[in-house]
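Those letters in the sequence shown? Residues -10 to 136, per my numbering, in order. Each residue gets a CB set at the ideal place from its N, CA and C atoms; glycine is no exception. Given the structure is predicted, the values throughout are model-derived calculations rather than measurements. Down below is the structure, laid out as structure tokens.
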Amino acid sequence: MEANREALNQQLQQIVNSLKEQGILDSLFSMVHSLKEANGPFFLAELIPMFCHNVQTTLRDLNRTLEKEPVNYHDMNELTMKIKGCTSSFGARRLALACVTLWRAVDNKNKDGCGSALNGIRQEYQTLRSSLDRIVELERRIVSHQA
């Protein structure tokens, strides 16, 4: 059982290292991951779905705000800063960089640029989400081997 748990931990580390090499995650994610030592074994498996929910909710709000005429660029800016902060503090590097593109379009009051940037954020989020789902599954399997 210990050998299986160790194999799962190695698999998890390989996934995280690969995501870092691809620039999808950065070192902040490792710091977030290490917090499970102090917060319990379910910490990351619970944090990731909350992170995903927050990103999805903010993306929905950004879409709704952009669709309203005239576009409220103040609200767009607030929502962009919210999603940028969330992704940066989680260690989602490429998603945070995509948010910078949106912020620039909002700052320039460029509606088409905002739409394009939102599409880029959605694509980066989908890439990240599938990887995070694999991480959550491995975390749960690791925890089940600790019991």
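- Judged by DSSP in its simplified three-state form, I13 adopts coil rather than helix or strand.
- Secondary structure of N97 (DSSP, three-state): coil.
- In this chain, the alpha helix (DSSP H) harbouring F32 covers 32 to 56.
- Collapsing the DSSP output to three states places G102 in a helix.
- In the same chain as N99, and ignoring 5 residues on each side of it, no C-beta atom comes closer than 6 Å to its own.
- Under the 10 Å beta carbon count, V89 is surrounded by fewer than 16 other beta carbons and is classified as exposed.
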